[in-house]
Structure formats: C-alpha cells, structure tokens
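Participant: Numbering (full-length UniProt numbering), first residue to last: 1 to 102.
Ideal Cβ placement from N, Cα and C applies to all residues, glycine included.
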C-alpha cells in the first residue's frame, strides 16, 4: 500500500447457499478478517489518507420486517439489517458485521 493515498476495500466472500456449510466460518469470519486486515494495513501505511469501504444494500434490510420499521419505508444509511443471521442469511449478516467493524 505504500505510496497509495486511497484504499478501496470492496471484497467480501459471496457463496451460493448450497456452498455454505457454516455461515460464520464460510462468510462472516472471512468478511470480518478481510476488513480488519485492510484497516490494520492502512494504519501501518503512512501514505494512506482515505479508506473507501463499499458495502451492500443488504446491510440496510434482510427482509420486509426491516423495511416496515423504516420511516416512510424509505431505505437510508440510518438503518441496519436486524433480521439476517449467520444461519438465515450469512452473506447479509457478514456485510453488516464487516461494516460495523470498520
């Protein structure tokens, strides 16, 4: 990263449901570890001034229950997905966990 002033962190494991044996191990832990590793590397690199973390709409809602809690049922970054879990929707849960970690 040395010499870079901006780092874009866009990666996250994405598996089709049939590939997921353990949501925590297959999706959540790699997403958290990836985000942590990027941020630790950034902290160790003097030239980096900005980190841009891309996420997903899945961090705002997992199913319609989340949307019904939103003011005017309008999505915004004020809201977090509260219905996904490592067992029911591991990709969405992993994106929420990684974004909160950042």
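Can you give me the C-alpha to C-alpha distance between residue 92 and residue 34, rounded to a whole angstrom?
Facilitator: Cα to Cα, the separation comes out at about 15 angstroms.
Participant: Determine the burial state of residue 38: buried for a count of at least 16 other Cβ atoms within 10 Å of its Cβ, exposed for fewer.
Facilitator: Buried, by the Cβ-count rule.
Participant: Could you give the distance in angstroms between the alpha-carbon of residue 61 and the alpha-carbon of residue 94?
Facilitator: Cα-Cα distance, rounded: 13 angstroms.
Participant: So within the UniProt domain "NAD-dependent epimerase/dehydratase" (3 to 100), which uninterrupted beta strand (DSSP E) runs reach at least 3 residues, ignoring any that extend past its ends?
Facilitator: As far as the UniProt domain "NAD-dependent epimerase/dehydratase" (3 to 100) is concerned, its whole beta strand (DSSP E) runs of at least 3 residues are 6 to 9 and 50 to 53.
Participant: Under a Cβ-count criterion, where at least 16 other Cβ atoms within 10 Å of its own Cβ denotes burial, should residue 99 be classed as buried or exposed?
Facilitator: Buried, by the Cβ-count rule.
Participant: Between the C-alpha atoms of residue 11 and residue 96, what's the straight-line distance to the nearest angstrom?
Facilitator: Their Cα atoms are separated by approximately 14 angstroms.
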